[in-house]
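Student: In this note's numbering, the protein residues as written are 13 to 348. Before I ask anything, let me first share the structure, which is written out below as structure tokens.
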Ligand code: TYM
């Protein structure tokens with residue numbers, strides 16, 4: 013049987029950033045060729061950061077638009093909004109009853125995020141966030157989950173929960189998912205602070221390359237990227253994190269290996285690398301940006317794609333949920 017892929021992104025920003033694209037979206041598009049693929053905009057997850065309603069709505073559509081613009085093909089893959097498929101929240105409840113408090117409390121993203129907002133700003137949803145994520149994955153009998161490095165621990169929890177359910181209720185209750193994390197692009201770093209990951213919610217917008225950003229600004233951010241005081245263009249994550257990050261991005265978009273780039277830039281200055289990389293990035297992102305803006309400008313067409321995706325996803329999800337409810341001993345709901 014064809015293996016199933018599932019992955020998702022949060023609509024927490026007006027635009028995705030290059031880390032989302034290189035760490036995950038590129039793989040999503042590739043895996044469509046070999047796998048049965050399902051991709052979601054996880055708006056229920058985004059509620060944990062209390063977004064403004066109008067922003068949440070526009071960002072949800074903009075995120076889906078960028079999936080499609082980057083090459084997610086709705087004729088081959090399902091693309092939908094999480095809140096349109098109520099089974100996600102239902103399975104999350106079930107899984108929460110199998111998750112230990114300590115286990116959830118050990119999640120480093122929860123610790124980081126709750127430390128940032130303090131106890132009074134931390135809602136329970138932020139704590140149970142990885143359980144909803146496990147529900148997203150297990151609901152579709154997912155085999156493979158393409159994500160960046162920062163999601164590794166969350167995926168480990170999904171695997172632990174899957175194994176726990178199978179241990180208790182028998183093999184085949186749920187499918188145990190495998191992470192798909194491509195090492196070279198698993199963590200793209202901030203241009204201003206190349207020891208921190210590039211993020212949609214970065215402190216300084218200058219450190220981020222946004223897919224929907226004006227190309228001039230993208231180029232400017234790359235040209236003002238932090239590099240070290242030396243001059244040699246060499247991949248050294250420890251000693252030259254800024255240069256290493258630029259080489260990673262360059263290689264991922266241009267196709268030349270990092271070794272080849274090092275050879276091609278021998279004797280050249282950081283400035284050369286940055287100017288060339290700015291061109292490469294702008295040229296690469298321009299068609300994606302334009303296609304995304306087209307989708308954003310036709311919300312009816314976009315909503316139609318999302319509705320079709322949700323209808324199919326919901327049918328699959330209900331099948332899995334019925335199986336799990338049955339194994340758990342819940343009485344069948346005959347009215348459905
Ligand atoms: P999110 O929305 O923060 O990020 C979406 C995807 O982008 C990857 N990513 C990066 N990869 C490389 N370098 C970076 N700097 C970088 N920044 C982000 C993330 O690893 C992710 O793959 N919890 C998830 C959303 C989610 C999900 C799921 C993912 C909810 N349910 C089920 C997979 C399966 C998140 O917040 O991703």
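Positions of the beta carbon are idealized from the N, C-alpha and C atoms, including for glycine.
Let me know if residue 105 comes out buried or exposed under the rule of 16 or more other beta-carbons within 10 Å of its beta-carbon.
Tutor: Residue 105 comes out exposed.
Student: Helix, strand or coil: how does DSSP classify residue 95 here?
Tutor: Here residue 95 sits in helix by DSSP.
Student: Using the rule of at least 16 other Cβ atoms within 10 Å of the residue's Cβ for burial, across every protein chain shown, is residue 166 buried or exposed?
Tutor: So residue 166 counts as buried.
Student: Given this structure, state the Cα-to-Cα distance separating residue 430 from residue 42, to the nearest angstrom.
Tutor: With the chain covering only 13 through 348, there is no way to say anything about residue 430.
Student: At the level of alpha carbons, what is the spacing between residue 324 and residue 253?
Tutor: Cα to Cα, residue 324 sits roughly 44 Å from residue 253.
Student: Mapping DSSP to helix, strand and coil, what is residue 206?
Tutor: Coil at residue 206, not helix or strand.
Student: Alpha helix (DSSP H) containing residue 306: first to last residue?
Tutor: Element bounds for residue 306: 282 to 309.
Student: Just checking residue 223 against the ligand TYM - is the residue's beta carbon closer than 7 Å to any of the ligand's heavy atoms?
Tutor: Outside the cutoff, so no.
Student: Terminal residues of the continuous beta strand (DSSP E) containing residue 36?
Tutor: From DSSP, residue 36 is part of no beta strand (DSSP E); its letter is neither H nor E.
Student: Quick check on residue 231: does DSSP put it in helix, strand or coil?
Tutor: It is helical.
Student: Given a threshold of 16 other Cβ atoms within 10 Å of its Cβ, counted over all protein chains shown, does residue 276 qualify as buried or as exposed?
Tutor: Under this definition residue 276 is an exposed residue.
Student: On a CA-only basis, which of 52, 89, 198 is nearest residue 260? Give me that one, please.
Tutor: Nearest option by C-alpha distance: 198.
Student: If you count every other CB in all the chains shown that lies within 10 Å of the CB of residue 267, and 16 or more means buried, which is it?
Tutor: So residue 267 counts as exposed.
Student: For residue 250, which three-state DSSP category applies?
Tutor: Coil.
Student: Just verifying my parser: in three-state terms, what is the DSSP assignment at residue 16?
Tutor: In the structure shown, residue 16 sits in a strand (DSSP, three-state: E or B).
Student: With a threshold of 7 Å, establish whether the CB of residue 160 neighbours any heavy atom of the ligand TYM.
Tutor: Residue 160 Cβ: within cutoff of the ligand TYM.
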